[in-house]
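Residue numbers (the working numbering): 2 to 447.
Built from N, CA and C at the ideal position, the CB exists for glycine as well.
Below is one structure, written out as C-alpha cells; the observations come after it.
And the structure:
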C-alpha cells in the first residue's frame, strides 16, 4: 500500500480514458434505465478495460486504473436522472431538455453529493463494517489485474476483457434477434385468480442477467422476496378489494398506483431508521475530518497516511456554501416566468433550503444502502419518490392557498425540478462512497 501511494494517480491519460468510457456507459445505462427502470454500476467493466488500455499505452498502475473506474462509474449512477427529469416533459412543462438547465442541474446536484459524501466516508467507509460489495469487488479486480506487471496479472486482465467483449457480443446478438421479432424480449401478462388478479413481467434481456450476476445471490433473494410480496400478495389483495367485474383489467393500474407506493413507504421508514442510526457516526466523521485537517497543517502532516487525507473541512464548507448561488439561480430562472413569478424569490430561497436538507438525508440513506447491498441496488427511485412527495406537500401547505388555481401545473413542475437536483446529489453520493471504499482498499487518496 505504501508503494501504491507513491505511484502516479491523477493523470491526463486516466481522465481521458475515464471520460471516453463515461460516454459509452452513460448511453448504455440511459437505454437500460428507460427500458426496464434499472441502471447498473460501471466500476468493474471500466476497471477491466482500463487495465488493458493503459497497459497498452505504457501507463499501467493500480491508482490510475482506480481513477478511470471512478470517473466512469459516475456514468452508471448519474444516468439515474432519467427517473425524474423526463417528468417535466410528461407534465407538459418542458417541450424538450434545455441543455444548460439540464447540465447545471446535474453539476450542482452532483457537486452537492460529493461534498456531503466526504464526512460520510468516515462514518460509512472507514468507521463501519458495511460490506460495500461492489466497491470491494472493484478493488479485487484492480489488485489482480495490476499486480506489478506480473504475467498472472496480465493474463487476468486479458481474460476479463475477453469475458466483457464476449458478453457484449452475445447481448447485442440477442437484442438484434428481439428487434427482428425472432426472439421474445419479455414475458408479461395480467391474469385472473378467482375473484382477483395479478401479473408477471419477466424481462429476457441479457443486460438484466448481467446485473443479476453483479448483485449476487443474497441481494437477488431479497429482490425475489419483494417481487413475491408485490405481485403475489399486495396486488391480488388490493385488486380483490376493488370488486371489479374484470379484475385482470385493473391489476396493472393497481400495481402502478397503489402497490408501488407501498414500496415507497417501506423505503421511507427504512430511510428514517437509517438516518437515526447515522446521526452519531456522521457527527464523529465530521470531528475526525476536522482533526485530519489540523494534522495536515501541523508537523505530522507529512507523515499522515494518504488514506486519511480528506479534503479539508473549510474547503468542503466553502464549496457547499458557494453552491447556494447556482441552486438559487436555477430555481429563480424556473419560477421567474409563469403564474409563480411573483413568488420567485421566496420559492427559490425556500426551495434551496429544502434541497440542502433533503440532500443530507438522501445522501446518507443512499450511501448506507450502497454499503449494504451495492450501488446498483441502492433504492434511488424510491428515495426520489419520497423527495418529490416532501416537496409537493410543502408546496401544497405553504404556497397553494395563496396562488391562483392556474399555478398548480407550475407547482407540480417545480417539485419535479427541485427533486432533480436532490436526485443528482443522492446518485453521486451513492456512487462516490462505493468508489471511496475501492480507493481505501487499493491505497488511493480520498
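Those residues which DSSP pairs with residue i across a bridge
| i | result |
| --- | --- |
| residue 193 | 198 |
| residue 204 | 187 |
Neighbourhood of residue i by C-beta distance below 7 Å, restricted to the same chain and skipping five residues each side
| i | result |
| --- | --- |
| residue 11 | 68 |
| residue 434 | 118, 121, 122, 125, 126, 368, 371, 372 |
| residue 73 | 19, 22, 23, 26, 43, 47 |
| residue 3 | Any answer about residue 3 is weak, because its pLDDT of 40 lies below 50 and its placement is not dependable; what the coordinates show is given next. Here the set comprises nothing. |
| residue 442 | 137, 140 |
| residue 355 | 392, 395, 419 |
| residue 202 | 187, 189 |
| residue 414 | 89, 92, 94 |
| residue 407 | 340 |
| residue 235 | 260, 263 |
| residue 51 | 18, 66, 69, 70 |
| residue 178 | 184 |
| residue 353 | 325, 328, 329, 332 |
| residue 223 | none |
Same chain only: Cβ atoms within 6 Å of residue i, ignoring 5 sequence neighbours per side
| i | result |
| --- | --- |
| residue 321 | 116 |
| residue 438 | 126, 133, 136 |
| residue 183 | none |
| residue 88 | 417 |
| residue 336 | 345, 348 |
| residue 163 | none |
Start and end residues, alpha helix (DSSP H) containing residue i
| i | result |
| --- | --- |
| residue 101 | 100–121 |
| residue 1 | Absent from the structure is residue 1, since the part of the chain shown begins at 2 and ends at 447. |
| residue 382 | 381–399 |
| residue 334 | 325–336 |
| residue 237 | 236–243 |
| residue 424 | 409–443 |
| residue 88 | 88–91 |
| residue 55 | 44–57 |
Residue i vs residue j beta-carbon contact at 8 Å
| i | j | result |
| --- | --- | --- |
| residue 80 | residue 40 | yes |
| residue 207 | residue 171 | yes |
| residue 204 | residue 192 | no |
| residue 348 | residue 341 | yes |
| residue 248 | residue 196 | yes |
| residue 316 | residue 350 | no |
| residue 255 | residue 240 | yes |
| residue 64 | residue 9 | yes |
| residue 142 | residue 49 | yes |
| residue 237 | residue 194 | yes |
| residue 83 | residue 421 | no |
| residue 428 | residue 381 | yes |
| residue 35 | residue 426 | no |
| residue 86 | residue 98 | yes |
| residue 105 | residue 331 | yes |
| residue 269 | residue 211 | no |
| residue 251 | residue 243 | yes |
| residue 233 | residue 221 | no |
| residue 398 | residue 412 | no |
Beta-carbon proximity list for residue i, same chain, < 8 Å, skipping 5 on both sides
| i | result |
| --- | --- |
| residue 264 | 227, 231, 383 |
| residue 423 | 110, 356, 359, 360, 363, 385, 388 |
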